[in-house]
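Taking it in order: structure first as structure tokens, then the write-up.
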Amino acid sequence: MTRPRPSFRFPWRSRADIAREVDAELAFHLDMRVRELVAGGMNADDARRAAAAEFGDLEGTRAYCRAADARSARATRAADRLTEWRQDARYAVRTMRRSPTFSAISLLTLALAIGANTAIFSVVRAVLLRPLPYADTGRLVVVTESWPFDPGTHAPLSPPDYVDYRAQQHAFTDLGAYSTAMGPVVWQPAGADPTTLTGISADAHLFRVLGVEAALGRTFDDDMGGDSSSVVISSGFWQRALGSDPRAVGRRLVLNGRSMTVIGVMPRGFVLDRTEDVYLPLDIRDDLARPETTRKQHWLLVIGRLRAGVSLEAGRADLAVVAHRLAVEYPAADSGRNAIATPLHQRATGNLRTPLLLLQAAAAIVLLIACANLMNLTLSRTIGRRQELALRAALGAGRGRIIRQLLTESLLLSVAGGALGVALAIAATRALLAINPGTLPPLFAVGVDRQVLGFSVLVSVAAGALFGLIPALHAMGAGVNDALKEGGRGANATRSGAGVRRVLVTAQVARAVMLLVGAGLLTRSFTGLTRVRLGFEPEHVVTAQLRVSGPRYDSIPMTNAFYDAVLGEVARAPAVIAAGAATILPTQGSVSTSMRIEGQPVDESRLPDMAYVAIRGHYLEAMRIPLLAGRRFDVSDTPDGPKRVLVNETAARRYFRDGDAVGTRIRIGPNPNGEWMTIVGVVGDVRSAGLDQPPVPTLYVDHAQEAWSHTLSVVMRASDARAAIDALRRAVKDVDPSLPLRNIEPMADVVGASLAARRFALGLAGSFAGLALVLATLGIYGVLAYEVSTRTREFGVRLALGATPASVVALVARRGLAWSIVGLALGIAGAVAGARLLAGALYGVGPLDVTTYALVAAGSLLVVTVASVVPAHRATRVDPLSSMRSE
Amino acid sequence: MSRTPSELLQGTVDILILRALAWEPMHGYAISRWLDARSNGVLAVDGAALYQALHRLEERRLVSASWGTSENNRKAKYYTLTAAGRSRLRAESAVWRTYAEAVTKVLKPA
Numbered sequence: 000m001t002r003p004r005p006s007f008r009f010p011w012r013s014r015a016d017i018a019r020e021v022d023a024e025l026a027f028h029l030d031m032r033v034r035e036l037v038a039g040g041m042n043a044d045d046a047r048r049a050a051a052a053e054f055g056d057l058e059g060t061r062a063y064c065r066a067a068d069a070r071s072a073r074a075t076r077a078a079d080r081l082t083e084w085r086q087d088a089r090y091a092v093r094t095m096r097r098s099p100t101f102s103a104i105s106l107l108t109l110a111l112a113i114g115a116n117t118a119i120f121s122v123v124r125a126v127l128l129r130p131l132p133y134a135d136t137g138r139l140v141v142v143t144e145s146w147p148f149d150p151g152t153h154a155p156l157s158p159p160d161y162v163d164y165r166a167q168q169h170a171f172t173d174l175g176a177y178s179t180a181m182g183p184v185v186w187q188p189a190g191a192d193p194t195t196l197t198g199i200s201a202d203a204h205l206f207r208v209l210g211v212e213a214a215l216g217r218t219f220d221d222d223m224g225g226d227s228s229s230v231v232i233s234s235g236f237w238q239r240a241l242g243s244d245p246r247a248v249g250r251r252l253v254l255n256g257r258s259m260t261v262i263g264v265m266p267r268g269f270v271l272d273r274t275e276d277v278y279l280p281l282d283i284r285d286d287l288a289r290p291e292t293t294r295k296q297h298w299l300l301v302i303g304r305l306r307a308g309v310s311l312e313a314g315r316a317d318l319a320v321v322a323h324r325l326a327v328e329y330p331a332a333d334s335g336r337n338a339i340a341t342p343l344h345q346r347a348t349g350n351l352r353t354p355l356l357l358l359q360a361a362a363a364i365v366l367l368i369a370c371a372n373l374m375n376l377t378l379s380r381t382i383g384r385r386q387e388l389a390l391r392a393a394l395g396a397g398r399g400r401i402i403r404q405l406l407t408e409s410l411l412l413s414v415a416g417g418a419l420g421v422a423l424a425i426a427a428t429r430a431l432l433a434i435n436p437g438t439l440p441p442l443f444a445v446g447v448d449r450q451v452l453g454f455s456v457l458v459s460v461a462a463g464a465l466f467g468l469i470p471a472l473h474a475m476g477a478g479v480n481d482a483l484k485e486g487g488r489g490a491n492a493t494r495s496g497a498g499v500r501r502v503l504v505t506a507q508v509a510r511a512v513m514l515l516v517g518a519g520l521l522t523r524s525f526t527g528l529t530r531v532r533l534g535f536e537p538e539h540v541v542t543a544q545l546r547v548s549g550p551r552y553d554s555i556p557m558t559n560a561f562y563d564a565v566l567g568e569v570a571r572a573p574a575v576i577a578a579g580a581a582t583i584l585p586t587q588g589s590v591s592t593s594m595r596i597e598g599q600p601v602d603e604s605r606l607p608d609m610a611y612v613a614i615r616g617h618y619l620e621a622m623r624i625p626l627l628a629g630r631r632f633d634v635s636d637t638p639d640g641p642k643r644v645l646v647n648e649t650a651a652r653r654y655f656r657d658g659d660a661v662g663t664r665i666r667i668g669p670n671p672n673g674e675w676m677t678i679v680g681v682v683g684d685v686r687s688a689g690l691d692q693p694p695v696p697t698l699y700v701d702h703a704q705e706a707w708s709h710t711l712s713v714v715m716r717a718s719d720a721r722a723a724i725d726a727l728r729r730a731v732k733d734v735d736p737s738l739p740l741r742n743i744e745p746m747a748d749v750v751g752a753s754l755a756a757r758r759f760a761l762g763l764a765g766s767f768a769g770l771a772l773v774l775a776t777l778g779i780y781g782v783l784a785y786e787v788s789t790r791t792r793e794f795g796v797r798l799a800l801g802a803t804p805a806s807v808v809a810l811v812a813r814r815g816l817a818w819s820i821v822g823l824a825l826g827i828a829g830a831v832a833g834a835r836l837l838a839g840a841l842y843g844v845g846p847l848d849v850t851t852y853a854l855v856a857a858g859s860l861l862v863v864t865v866a867s868v869v870p871a872h873r874a875t876r877v878d879p880l881s882s883m884r885s886e
Numbered sequence: 000m001s002r003t004p005s006e007l008l009q010g011t012v013d014i015l016i017l018r019a020l021a022w023e024p025m026h027g028y029a030i031s032r033w034l035d036a037r038s039n040g041v042l043a044v045d046g047a048a049l050y051q052a053l054h055r056l057e058e059r060r061l062v063s064a065s066w067g068t069s070e071n072n073r074k075a076k077y078y079t080l081t082a083a084g085r086s087r088l089r090a091e092s093a094v095w096r097t098y099a100e101a102v103t104k105v106l107k108p109a
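First to last, the sequence lines map onto chains A and B.
Residues in the first sequence are numbered from 0 upward in steps of one, following numbering that gives the first Met the number 0.
Residues in the second sequence are numbered from 0 upward in steps of one, following numbering that gives the first Met the number 0.
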């Protein structure tokens, strides 16, 4: 027997190859046996029969062998793939280690870009993609009424209107109502200090409309008083305050001085408005008893569920029919009003949608810039590595194999960068939400979950493929022979890929400029807002909310006595300069009422809409809201004396002739025969609804005369904020130890809170733009630096032949600047087109603000000039002799 | 040539093949001849069992196969013992020997 000469065998055999091989092997065996038998004297036919008989089950064996071979071929193939991939990966890691700077820059770039995308996507997912915590949310709509003759507006419903809509509509399975206007709820736990809870009042219909059952017990089922001492609690409150007591249903809680029975615990994740603790029964029976007054009091938030098969349009048409009927029946309250149904999800995400999508777009641009950068770097490197690649090809690596190898390197980088990015995103999202609480409605739980992770993986792989594939194909496109012959850094290496790189750099600058313009416009809006004339001085003012609750405060004199006692006590503290209180603080919004002016014709359907604030003590002095005419409230304005009122400058100007306001009598509220109140003074305008909202006509009443709220915000101008708060605590404790203070914060923070969302968006947009600029700069720098390094010889020759260093600098820098200026122009054009999308988020600047564009252009130009000149300068340091010898 | 009427167990065929290949690579037919000669015809394995075993062993990576040229100049599939096959052979032989000695001892007339 001779040793077999190993013959070449394809590593991967096809199914047909396998069948052929098995047949050949078995035929060989039978042939050999027949030969032997014939040699022993048997005739050929007998020998064949005998051989077959001896062999046994030939067909069975054939099938068995083919199946076994197919299995092992598959296993081989898989093992080979794995080995190759491992080789590629090992090789890639080695390559990365060999150029640590490149790897570090790439990783960092990718981590930042993918991190930004992941962070924004986690918010987008939470806000725009995740369903709300109710059943079949697609059919839930918010029902609002417009203000009279002002069709675009959205107001809550009044109780009588709500009941009429509910009874007369046909398009909805039901309508339900709730209200957030009840203010904080004071809970008096047995044997502990009172705490304030957030509460919502809701009716039985609402829970049915939302289609959410209680996790324990039940929700309300009787709006006619049967549930009046029942309370439903949130899962969060149940866990936090009741220790997840499985027998919570039936427990009694003292809320606002009344004993209430827990009838149900809502499931985890259920939220109506904010992270509310308790749901109290909404009782509107009193309101319905006197509809002539209450039909104009709009405070119910209403949600409806469209019947199956009824479209939104049909639902709207149905509501319009009822609205028309109500307008005819109750012209004083409802003429000119319509009812509008808005999909709940749209309502909940309305003002977040555009900014979020814009931010996601900005993040995507950053990623594109990052990819372009990496593509550039990789391209330069693969060109530098062409000799190595050509060698590998010459040694038998296939084209596909080399492309796969290069792709493995990019993918490894991008996946590692992606992993870093996700970690970064998790940290950043937590930090951002911690710094800016209240930016997003708590209805949306932001977090990195499986879907977000999937998104990041997808983005990473796509990025890797994007910046890896083009350089890989490019490297393989140039002939292997050329590369070997060329010996590395020839002139060709510089030329090849130069076009691609130029386009990439130009595009990068363009995108960075677009982002910078966007961020610039937002910054100018923001600084504009912080410079808005507030109308009051928030510095050195501390505020705290104080709510009276319990049966002893059911009478107005008692409530007044409490607040007066507290304010009097506080005013005596040496740290306090002035102390007062108001129902609502500037920038926190407004409560409105209507006004009738004595001696002026009254159009019942178009009464002036006035913001309405009740104040007590030296509120105006503490806030330094200036008195423009007349006088402030003083001790002569007793609860039983003639009613007095102050108006702000805007109201005085809009509704009264010059200087006429003081002394004029007005009636406020819906009652046309209400008590006359005399205007005794005019005070300065205040940005009450928010910094970006112009002042609205406002009435100030004395809380002693119009004690309509159980919650006042105490305001103290103090030389020492801490001492002032201590004084307030002591004062409250002296007067009624059962009442808690909440929301203690400097007025500057109250103002700041109204800017939180803007600051959040600005921070993100600013960081994206900055990142984009840095990446684009790195891109320009990298490309030029690479060019310089490949043209060392040329520069050496030029310098040797007498070129001045300055001319060499100009030669290199000119290129970088030329691409950048093209990019700049494109970017400005793109920004002009894109800035319109931002218009809604801007304040005090137009989307085409020339200053912003000029600053961005100048700044970018400066940065790209530096990025171009530095590598150019390096070119002049070339030593002519050594550069020419180097090759 | 007398053949054993009893069917050889699958595991036994496997170890016999591994032993056959311990010295040098062989094609299937050579293996069957070698077994026949070594056991004086007692351990003759039929073709079906032999080839099924060979392909099974190849799938388990105990032997590897390649095409070569046979002594009479024909293309034949040669099997080689792999490292894994060699250590399997060692282990199985030890087991077999112990087993065989035990059986012999038991069957020895007292």
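Even for Gly, the Cβ is constructed at its ideal location relative to N, Cα and C.
What you are looking at is a predicted structure, and each value in this text was computed from that prediction instead of being measured.
Next on the checklist: So, for Leu378 (chain A): in the same chain, excluding its five sequence neighbours on each side, which residues have a beta-carbon less than 7 Å away from its beta-carbon?
Outcome noted: Mapped onto the first sequence, residue 378 (chain A) falls at position 379. Result list for Leu378 (chain A): Pro470, His473, Gly496, Val499 and Arg500, in chain order.
Next on the checklist: Do Ala322 (chain A) and Ala338 (chain A) have their beta-carbon atoms positioned less than 8 Å apart in this structure?
Outcome noted: Stepping through the first sequence from its first residue, residue 338 (chain A) is reached at position 339. Stepping through the first sequence from its first residue, residue 322 (chain A) is reached at position 323. For Ala338 (chain A) and Ala322 (chain A), yes; Cβs fall inside 8 Å.
Checklist entry - Grouping DSSP H, G and I as helix and E and B as strand, with all else coil, what is Thr218 (chain A)? => result Within the first sequence, residue 218 (chain A) is the residue found at index 219, counting from 1. Thr218 (chain A) falls in the coil class under three-state DSSP.
Checklist entry - In the DSSP assignment, what are the bridge partners of Met609 (chain A)? => result Residue 609 (chain A) sits at position 610 when you count from the first residue of the first sequence. In the DSSP secondary-structure assignment, Met609 (chain A) is bridged to A:Thr592.
Checklist entry - Beta-carbon of Pro4 (chain B) versus every beta-carbon of chain A: anything under 8 Å? => result Here residue 4 (chain B) is taken as the residue at index 5 of the second sequence, counted from 1. With a pLDDT of 36 at Pro4 (chain B), under the threshold of 50, the modelled position of that residue is not reliable, and the figure given next carries that caveat. Not a single CB atom of chain A sits nearer than 8 Å to the CB of Pro4 (chain B).
Item to check | Short CB-CB distance (under 8 Å) between Tyr98 (chain B) and chain A | outcome: Numbered from its first residue, the second sequence carries residue 98 (chain B) at position 99. So no, Tyr98 (chain B) is outside the interface.
Checklist entry - Where does Gln704 (chain A) sit, in a helix, a strand or coil, going by DSSP? => result Reading the first sequence from its first residue, position 705 is the one you call residue 704 (chain A). Looking at Gln704 (chain A) - three-state DSSP - the assignment turns out to be coil, as it is neither helix nor strand.
Checklist entry - By DSSP, does Ala874 (chain A) sit in helix, in strand, or in coil? => result Along the first sequence, read from residue 1 onward, the residue named residue 874 (chain A) stands at position 875. If DSSP states are grouped into helix, strand and coil, Ala874 (chain A) belongs with the helices.
Next on the checklist: Could you check whether the Cβ of Thr36 (chain A) sits closer than 8 Å to any Cβ belonging to chain B?
Outcome noted: Here residue 36 (chain A) is taken as the residue at index 37 of the first sequence, counted from 1. Here residue 36 (chain A) turns out to be Leu, not Thr, going by the sequence shown. Closer than 8 Å: no.
Next on the checklist: DSSP three-state label for Pro441 (chain A), please.
Outcome noted: If you number the first sequence from 1, residue 441 (chain A) lands on position 442. The pLDDT assigned to Pro441 (chain A) is 49, lower than 50, so where the model puts this residue is not dependable, and the model offers no usable value.
Checklist entry - Any idea what DSSP makes of Asn375 (chain A), helix, strand or coil? => result As a first step, residue 375 (chain A) is located in the first sequence; it is residue number 376 there, counting from the start. Correct three-state label for Asn375 (chain A): helix.
Checklist entry - How would you label Trp22 (chain B), buried or exposed, when you count the other beta carbons within 10 angstroms and need 16 or more for buried? => result By one-based count along the second sequence, residue 22 (chain B) stands at place 23. Looking at its Cβ environment, which holds fewer than 16 other Cβ atoms inside 10 Å, Trp22 (chain B) is exposed.
Next on the checklist: Given this structure, state the Cα-to-Cα distance separating Leu405 (chain A) from Ala506 (chain A), to the nearest angstrom.
Outcome noted: The count along the first sequence starts at 1 and reaches residue 405 (chain A) at position 406. The count along the first sequence starts at 1 and reaches residue 506 (chain A) at position 507. Cα-Cα distance, rounded: 24 Å.
Next on the checklist: Taking DSSP's pairing of strands, which residues face Trp675 (chain A) in a bridge?
Outcome noted: Translated into positions along the first sequence, residue 675 (chain A) becomes position 676. DSSP output for Trp675 (chain A) lists no bridge partner at all.
Checklist entry - To the nearest angstrom, how far is it from the Cα of Pro693 (chain A) to the Cα of Thr592 (chain A)? => result Taking the first residue of the first sequence as 1, we reach residue 693 (chain A) at position 694. Taking the first residue of the first sequence as 1, we reach residue 592 (chain A) at position 593. One C-alpha to the other measures close to 18 Å.
Checklist entry - What separation, rounded to the nearest whole angstrom, lies between the Cα atoms of Ser819 (chain A) and Val863 (chain A)? => result As a working mapping, residue 819 (chain A) is identified with position 820 in the first sequence. As a working mapping, residue 863 (chain A) is identified with position 864 in the first sequence. The straight-line gap separating the alpha-carbon atoms of Ser819 (chain A) and Val863 (chain A) is approximately 7 Å.
Next on the checklist: Contact defined as beta carbons within less than 8 Å: I believe Leu205 (chain A) pairs with Gly263 (chain A). What is the distance between those atoms, to the nearest angstrom?
Outcome noted: Position 206 of the first sequence, counting from 1, holds the residue named residue 205 (chain A). Position 264 of the first sequence, counting from 1, holds the residue named residue 263 (chain A). 13 Å between Cβ atoms; not a contact.
Checklist entry - For chain B, is any of its Cβ atoms less than 8 Å away from the one on Gly55 (chain A)? => result The sequence position of residue 55 (chain A) within the first sequence is 56, counting from 1. Yes, because at least one Cβ of chain B sits closer than 8 Å to the Cβ of Gly55 (chain A).
Checklist entry - Rounded to a whole number of angstroms, what is the C-alpha to C-alpha distance between Ala418 (chain A) and Ala52 (chain B)? => result Here residue 418 (chain A) is taken as the residue at index 419 of the first sequence, counted from 1. Here residue 52 (chain B) is taken as the residue at index 53 of the second sequence, counted from 1. C-alpha separation (whole angstroms): 48 Å.
Item to check | Amino acids of chain B, ordered along the chain, whose beta-carbon sits closer than 7 Å to that of Gly453 (chain A) | outcome: Counting from 1 along the first sequence, the entry for residue 453 (chain A) is found at position 454. Chain B residues near Gly453 (chain A): none, gap ~37 Å exceeds 7 Å.
Next on the checklist: Taking beta-carbon pairs under 9 Å, can you tell me which members of the region 80-93 of chain A lie near chain B?
Outcome noted: Within the region 80-93 of chain A, no residue qualifies.
Checklist entry - Can you round the beta-carbon distance between Arg728 (chain A) and Leu740 (chain A) to whole angstroms, since I take them to be within the 8 Å contact cut? => result Position 729 of the first sequence, counted from the first residue, corresponds to residue 728 (chain A). Position 741 of the first sequence, counted from the first residue, corresponds to residue 740 (chain A). Confirmed, Cβ separation roughly 6 Å.
Checklist entry - Is it a yes or a no for the region 158-166 of chain A touching the region 314-332 of chain A, going by three-plus beta-carbon pairs under 8 Å? => result The region 158-166 of chain A is in contact with the region 314-332 of chain A.
Checklist entry - Which value, in whole angstroms, describes the spacing of the CA atoms of Leu36 (chain A) and Leu42 (chain B)? => result The count along the first sequence starts at 1 and reaches residue 36 (chain A) at position 37. The count along the second sequence starts at 1 and reaches residue 42 (chain B) at position 43. Spanning the two alpha carbons is a distance of roughly 19 Å.
Item to check | Below-8 Å beta-carbon distance, Ser71 (chain A) vs any chain B residue | outcome: Taking the first sequence and counting its residues from 1, the one referred to as residue 71 (chain A) is at position 72. Ser71 (chain A) counts as touching chain B.
Checklist entry - What's the gap between the Cα of Phe236 (chain A) and the Cα of Gly190 (chain A)? => result Locating residue 236 (chain A) in the first sequence gives position 237, counting from the first residue. Locating residue 190 (chain A) in the first sequence gives position 191, counting from the first residue. Spanning the two alpha carbons is a distance of roughly 18 Å.
Checklist entry - Mapping DSSP to helix, strand and coil, what is Gln544 (chain A)? => result Position 545 of the first sequence, counted from the start, is the residue given in the question as residue 544 (chain A). In the three-state reduction of the DSSP assignment, Gln544 (chain A) falls in the strand class.
Checklist entry - Between the region 744-752 of chain A and the region 827-837 of chain A, are three or more C-beta pairs nearer than 8 Å? => result No, because fewer than three Cβ pairs between the region 744-752 of chain A and the region 827-837 of chain A fall closer than 8 Å, the two stretches do not touch.
Checklist entry - With 16 as the cutoff for other CB atoms within 10 Å, does Ala490 (chain A) come out buried or exposed? => result Counted from its first residue, the first sequence places residue 490 (chain A) at position 491. Note on Ala490 (chain A): pLDDT 42, under 50, position unreliable in the model; no value is reported.
Checklist entry - Are the CB atoms of Ala574 (chain A) and Ile614 (chain A) nearer to each other than 8 Å? => result Position 575 of the first sequence, counted from the first residue, corresponds to residue 574 (chain A). Position 615 of the first sequence, counted from the first residue, corresponds to residue 614 (chain A). No. Outside cutoff.
Next on the checklist: Looking only at its chain, what residues have a beta carbon closer than 6 Å to the beta carbon of Ile667 (chain A), apart from the 5 residues adjacent to it on each side?
Outcome noted: By one-based count along the first sequence, residue 667 (chain A) stands at place 668. Only Thr592 and Met594 meet the Cβ criterion.
Item to check | Leu390 (chain A) to Glu24 (chain A) span [Cα, whole Å] | outcome: By 1-based counting over the first sequence, the position of residue 390 (chain A) is 391. By 1-based counting over the first sequence, the position of residue 24 (chain A) is 25. Between the C-alpha atoms of Leu390 (chain A) and Glu24 (chain A) there is a straight-line separation of about 40 Å.
Next on the checklist: Under DSSP, the alpha helix (DSSP H) around Tyr50 (chain B) begins and ends at which residues?
Outcome noted: In the second sequence, counting from the first residue as 1, residue 50 (chain B) sits at position 51. Counted as a single uninterrupted DSSP element, the alpha helix (DSSP H) harbouring Tyr50 (chain B) occupies residues Gly46 to Glu58.
Item to check | C-alpha distance - Glu674 (chain A) paired with Gly549 (chain A), whole-angstrom precision | outcome: Sequence index remark: in the first sequence, residue 674 (chain A) carries index 675 (1-based). Sequence index remark: in the first sequence, residue 549 (chain A) carries index 550 (1-based). Their backbone Cα atoms lie some 29 Å apart in a straight line.
Checklist entry - Taking the runs of the alpha helix (DSSP H) that are 4 residues or longer, which of them lie wholly in the region 50-108 of chain A? => result Counting only runs of 4+ residues, the alpha helix (DSSP H) found wholly inside the region 50-108 of chain A occupies 57-97, in chain order.
Checklist entry - Is DSSP giving Gly629 (chain A) helix, strand or coil here? => result In the first sequence, the residue the question calls residue 629 (chain A) occupies position 630. Here DSSP, grouped into helix, strand and coil, assigns Gly629 (chain A) to strand.
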